[in-house]
Amino acid sequence: MSKTVIKQKGRTKVTVLQTLAVIFLVFQLIGYVNSMTVVETYMSSSERIGYYIGFNFSLYIAIGFYIWSRSVKKEMKNNQKAQLIEAIGKDDEA
5 MSKTVIKQKG RTKVTVLQTL AVIFLVFQLI GYVNSMTVVE TYMSSSERIG
55 YYIGFNFSLY IAIGFYIWSR SVKKEMKNNQ KAQLIEAIGK DDEA
């Protein structure tokens, strides 16, 4: 595979991951807006903890996708630096 194909695949992966993160953040914001209209009934402490963990689950997924996209971006940058360093002593044959 050529270098440009690898770069393009990496950029596509980062774009997809960031798009998924934004989508899950939008889902979470919609959930927050909808929860403003609901009157909460009495819940015990364990039910309340479970409710907030479950309610914020899409937020946790969005954070995970964002961290994953940042690590892919960092890996791409490190690979690009390594390729530039390796190309210093080579002759251009193209």
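Heads up: the sequence shown begins at 5 in the numbering used here, then just goes up one per residue.
Note that the Cβ used here is the ideal one computed from N, Cα and C, for glycine as well.
Distance from the CA atom of L29 to the CA atom of S62, rounded to whole angstroms, is 7 Å. Minimum Cα-Cα distance from T8 among the listed residues N83, I71, Y36 and I89 corresponds to N83. Look at I53 here: in three-state DSSP terms it is helix. Counting of Cβ neighbours within 10 angstroms places L88 among the exposed residues, the total staying below 16.
Closest in C-alpha terms to Q32, from the list E90, K78, A86 and I57, comes I57. Judged by pairs of C-beta atoms under 8 Å, the stretch 63-75 does not touch the stretch 38-53, as fewer than three such pairs exist.
The Cβ neighbour count for A66, taken over all protein chains shown within 10 Å, is at least 16; the residue is labelled buried.
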